[in-house]
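Peer 1: Residue numbers (the numbering used here): -19 to 734.
Following this message is one structure expressed as structure tokens.
The following block contains the structure:
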């Protein structure tokens, strides 16, 4: 033991006598210690880095003169001459003078988000849209949750959409959910379409080819939107423009993990209309969304409230003067929607349990033909109370979903003469629906997988089965092919007349439930073949063909020339065949989106048939967004359609789509739809090219980063006169084309984010 102690003492003594250079490095102005400074003896090629206290030590340094160099980013370097002794330490403390370093900018850009391209998980053949892709959509002047899903086999009316038409189906055949809670008629009008505030939506999806078995009342498919998560800090967004103003706030509540989201929007059609011009639309639109999330019982509890209101009116006469007499009659339209939902979800082992309850209500009203001797008043209302329980389990090779849905739906519809005469239509059916459903997905072979689903719904005096089968083949990482068969039903259908020109400003669904001797239960059988190719990063190509048969459809147009059913409706069937092509590409500075749809749609009733107005034979869209700089974007988009058909209108009509040049939107008159010539008139080709830009700046406000931007879009830059419909003059036997929007800016405004 003594020998070991003597050896240790000798070693320490030797180390203590070895020459060394030690010291500290500090800021020359503040005196603060500088960590991370490099201290080097350049003559012998040795260097060390200072610690958190700014200290350094260079041991076993050769004695004699040495050059000591000190460097640190943000400070002027120093070189000192040191005379290192033969024994002991030389202490040198160094102060560096601050000298900001100007570095070359390094720009790192991700790919521009484009629908489909920014989603690595294939949703073939359905589509998903992220919030970023919605903002970058080159065909949208302002973000719109519903219009962002359009293109290919999803068709909307040009310029004045009145719903989504999926694979030849009517607009009421599409269901809508917000965080899983049903929403009715999520539409605005007169310059704004989708009634969901885009600043509050994180992503949206459309399930049509393989509809969710948890939605037993959607004939064409379901649009599902997910709201933004509150996050850990307060965020505010907003915008104000010529068509709408919106504001959104989301953030945490305390430190318990709770959070909230509140979003509101107001539209103002007609606010810039010339005074004493009764043909211009008047009224207002608005929507509200509120969400609260809190941890509860080992899971997450979410409460949702959504409201939407719309009121529009226009002159009942199409022959109006600039100085109309007092009390000029007006046609009036209103529709509203309110949904409340509560959901609790929790992971239990390898499964997820989800419980959801809701109350969804919607209603509409109209006063029509007010200039006639017997004007009509229409009222419609629907209220659904429901409960859903779902258990899902995902393993390494398979996914399974089991659940039940219970729902009670009450609906009413009435049309009365304003003079107080008895109702021409009055009905208040109630439907109780009980659904059991299951879905299972698993690989069959190395490259082949299958997904099957079955739902059984007891309602309207029977049990209806809805089987769905999908086979997916993935021969390569970049290639996927799918074939799908699905059957779906619809227990409530709309009594709005989608062929009427008034649908351009009155898109509300007027639901009425199936009942014995009343409305039938609609059924659809569909086969889809789809292929998806991703040949390179940032490139997506898709193609699909579909064949679809309908039965039990409620057809209003053959029985009524008014904007809604008056004395009854026709029951019929339909057939739809189509092909769609879609493509997208994105890079660090650009995004491209294009689609083409071909379809043949025909509705049959009582030995007659017609092509619905939404069933244009060819529809093509293409758009490009370019980012010359990170704060500037330029958009260019084109939309075209061939093979549009209409029955025209009877009676005087004054119409103009919303635009700034003509200071608003016009609909004057009480036009009726000729029921004897549905789809009998072929409209000229439709083509519109729009151009827009957005510029934003980054600011600092109250210690936080902020962003403010300006945007604008010019529509129909080619000045083409597109045709909305034709008006028939019974006396002269001639037709007059009713034009759409002329050249002019559609939207200008500014937006911000804090």
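Cβ atoms here follow ideal geometry from the backbone N, Cα and C, with glycine treated the same way.
By the 10 Å Cβ neighbour count, where 16 or more other Cβ atoms means buried, how is residue 73 classified, buried or exposed?
Peer 2: Within the chain shown, residue 73 is the residue found at index 93, counting from 1. By the neighbour-count rule (16 or more Cβ atoms within 10 Å), residue 73 is not buried but exposed.
Peer 1: Which parts of the region 618 to 649 are runs of the beta strand (DSSP E), unbroken and 3 residues or longer, counting only runs that do not cross its ends?
Peer 2: Qualifying beta strand (DSSP E) stretches, in chain order: 634 to 639 and 644 to 648.
Peer 1: Just how far apart, CA to CA, sit residue 371 and residue 327?
Peer 2: Translated into the one-based positions of the chain shown, residue 371 becomes position 391. Translated into the one-based positions of the chain shown, residue 327 becomes position 347. Computed Cα separation, rounded: 10 Å.
Peer 1: Measuring straight from C-alpha to C-alpha, what distance separates residue 189 and residue 416?
Peer 2: Taking the chain shown and counting its residues from 1, one reaches residue 189 at position 209. Taking the chain shown and counting its residues from 1, one reaches residue 416 at position 436. If I take the Cα positions, the gap works out to 20 Å.
Peer 1: What's the gap between the Cα of residue 410 and the Cα of residue 484?
Peer 2: Position 430 of the chain shown, counted from the start, is the residue given in the question as residue 410. Position 504 of the chain shown, counted from the start, is the residue given in the question as residue 484. Using only the alpha carbons, I get a separation of about 30 Å.
Peer 1: Using the C-alpha atoms, what's the distance from residue 77 back to residue 64?
Peer 2: Reading the chain shown from its first residue, position 84 is the one you call residue 64. Reading the chain shown from its first residue, position 97 is the one you call residue 77. Their Cα atoms are separated by approximately 25 Å.
Peer 1: If we call anything under 8 Å between Cβ atoms a contact, is residue 499 one with residue 544?
Peer 2: Locating residue 499 in the chain shown gives position 519, counting from the first residue. Locating residue 544 in the chain shown gives position 564, counting from the first residue. For residue 499 and residue 544, no; Cβs fall outside 8 Å.
Peer 1: Pick helix, strand or coil for residue 413, following the three-state DSSP scheme.
Peer 2: Position 433 of the chain shown, counted from the start, is the residue given in the question as residue 413. Three-state DSSP puts residue 413 in a strand.
Peer 1: Could you please give the first and the last residue of the uninterrupted alpha helix (DSSP H) stretch that includes residue 111?
Peer 2: By one-based count along the chain shown, residue 111 stands at place 131. Looking at the DSSP string, the run of the alpha helix (DSSP H) that includes residue 111 is 111 to 115.
Peer 1: Let me check understanding here. Comparing Cα to Cα, which of 69, 731, 112 and 71 lies closest to residue 787?
Peer 2: No answer is possible for residue 787: the residues shown for the chain start at -19 and end at 734.
Peer 1: Whether or not the region 374 to 384 and the region 468 to 487 are in contact is what I'm after, with contact meaning three or more pairs of Cβ atoms, one per stretch, closer than 8 Å; do they touch?
Peer 2: Short answer: they don't touch.
Peer 1: Hey, how far is the Cα of residue 303 from the Cα of residue 444?
Peer 2: Here residue 303 corresponds to residue number 323 of the chain shown, with the count starting at 1. Here residue 444 corresponds to residue number 464 of the chain shown, with the count starting at 1. Low confidence applies to residue 303: its pLDDT is 48, below 50, so where it sits in the model is not reliable, and the reading given next is rough at best. Distance between the alpha carbons of residue 303 and residue 444: 59 Å.
Peer 1: Could you tell me the boundaries of the beta strand (DSSP E) in which residue 176 lies?
Peer 2: Along the chain shown, read from residue 1 onward, the residue named residue 176 stands at position 196. Unbroken run through residue 176: none, as it is neither H nor E.
Peer 1: May I have a chain-ordered list of the alpha helix (DSSP H) segments no shorter than 4 residues that lie completely inside the region 264 to 322?
Peer 2: List check, alpha helix (DSSP H) in window: nothing returned.
Peer 1: Helix, strand or coil: which one does DSSP assign to residue 184?
Peer 2: The residue given as residue 184 occupies position 204 in the chain shown. Residue 184: strand per DSSP, three-state reduction.
Peer 1: Check this for me: beta carbons of residue 347 and residue 290, under 8 Å apart or not?
Peer 2: Numbered from 1 along the chain shown, position 367 holds the residue referred to as residue 347. Numbered from 1 along the chain shown, position 310 holds the residue referred to as residue 290. Their beta carbons are not under 8 Å apart, which means residue 347 does not touch residue 290 by this criterion.
Peer 1: Ignoring anything shorter than 3 residues or poking outside the region 113 to 160, list the beta strand (DSSP E) runs there in chain order.
Peer 2: Runs of the beta strand (DSSP E) inside the region 113 to 160: 154 to 158.
Peer 1: Flag this pair as yes or no: are the beta carbons of residue 430 and residue 419 separated by less than 8 Å?
Peer 2: Residue mapping note: residue 430 aligns to position 450 of the chain shown, counting from 1. Residue mapping note: residue 419 aligns to position 439 of the chain shown, counting from 1. No, the Cβ-Cβ distance between residue 430 and residue 419 is not below 8 Å.
Peer 1: Relative to the C-alpha of residue 62, which candidate in 92, 96, 8 and 0 has its C-alpha closest?
Peer 2: As a first step, residue 62 is located in the chain shown; it is residue number 82 there, counting from the start. Residue 0 is the option with its Cα nearest to residue 62.
Peer 1: Quick one: is residue 262 buried, meaning 16 or more other Cβ sit within 10 Å of its Cβ, or exposed?
Peer 2: For this step, residue 262 is matched to residue 282 along the chain shown. Classification for residue 262: buried.
Peer 1: What is the C-beta distance between residue 627 and residue 648, in whole angstroms, given that I count them as a contact (C-beta under 8 Å)?
Peer 2: As a first step, residue 627 must be located in the chain shown, where it is residue number 647. As a first step, residue 648 must be located in the chain shown, where it is residue number 668. Residue 627 to residue 648, Cβ: 20 Å. No contact.
Peer 1: From the DSSP output, which residues share a beta bridge with residue 387?
Peer 2: On the chain shown, residue 387 is found 407 positions in, with the first residue counted as 1. Answer is 366 and 413, bridged to residue 387.
Peer 1: Any chance you could list the alpha helix (DSSP H) runs of at least 4 consecutive residues sitting entirely within the region 529 to 560, in chain order?
Peer 2: Segments of the alpha helix (DSSP H) lying fully in the region 529 to 560: there are none.
Peer 1: Using DSSP with H/G/I as helix, E/B as strand and the rest coil, what is residue 669?
Peer 2: For this step, residue 669 is matched to residue 689 along the chain shown. Correct three-state label for residue 669: strand.
Peer 1: Going by beta-carbon coordinates alone, are residue 106 and residue 186 separated by less than 8 Å?
Peer 2: Taking the first residue of the chain shown as position 1, residue 106 is located at position 126. Taking the first residue of the chain shown as position 1, residue 186 is located at position 206. Yes. Within cutoff.
Peer 1: When the Cα atoms are used, what is the spatial distance from residue 208 to residue 217?
Peer 2: In the chain shown, the residue the question calls residue 208 occupies position 228. In the chain shown, the residue the question calls residue 217 occupies position 237. Cα to Cα, the separation comes out at about 12 Å.
Peer 1: Could you check the C-alpha separation between residue 297 and residue 687 for me, to the nearest Å?
Peer 2: For the purposes of this step, residue 297 is taken as the residue at position 317 of the chain shown. For the purposes of this step, residue 687 is taken as the residue at position 707 of the chain shown. Spanning the two alpha carbons is a distance of roughly 47 Å.
Peer 1: Quick one: give me the first and last residue of the beta strand (DSSP E) that residue 190 is part of.
Peer 2: Counting from one through the chain shown, the residue named residue 190 turns up at place 210. Note, residue 190: premise wrong, no beta strand (DSSP E); not H, not E.
Peer 1: Can you tell me the Cα-Cα spacing of residue 33 and residue 16, whole angstroms?
Peer 2: The count along the chain shown starts at 1 and reaches residue 33 at position 53. The count along the chain shown starts at 1 and reaches residue 16 at position 36. Cα to Cα, residue 33 sits roughly 10 Å from residue 16.
Peer 1: For residue 61, which residues does DSSP report across the bridge?
Peer 2: In the chain shown, residue 61 corresponds to position 81, counting from 1. Answer is 47.
Peer 1: Could you check where the beta strand (DSSP E) with residue 609 kicks off and where it finishes?
Peer 2: By 1-based counting over the chain shown, the position of residue 609 is 629. Segment 598 to 609, the beta strand (DSSP E) holding residue 609.
Peer 1: Just the Cα atoms here: how many angstroms apart are residue 223 and residue 266?
Peer 2: As a first step, residue 223 must be located in the chain shown, where it is residue number 243. As a first step, residue 266 must be located in the chain shown, where it is residue number 286. So the two alpha carbons sit approximately 11 Å from each other.
Peer 1: Quick one: Cα of residue 117 to Cα of residue 94, how far?
Peer 2: Mapped onto the chain shown, residue 117 falls at position 137. Mapped onto the chain shown, residue 94 falls at position 114. C-alpha separation (whole angstroms): 7 Å.
Peer 1: Among 397, 519 and 364, whose alpha-carbon lies nearest the alpha-carbon of residue 358?
Peer 2: Position 378 of the chain shown, counted from the first residue, corresponds to residue 358. Ranking the options by Cα distance to residue 358, first place goes to 397.
Peer 1: So which of 278, 14 and 158 has the shortest CA-CA distance to residue 30?
Peer 2: Indexing the chain shown from 1 puts residue 30 at position 50. Residue 14 is the option with its Cα nearest to residue 30.
Peer 1: List the whole-angstrom C-beta distance separating residue 134 from residue 174, where the pair is believed to meet the contact cut-off of C-beta under 8 Å.
Peer 2: Against the chain shown, residue 134 aligns to sequence position 154. Against the chain shown, residue 174 aligns to sequence position 194. That belief does not hold up - the Cβ atoms of residue 134 and residue 174 are roughly 13 Å apart, past 8 Å.
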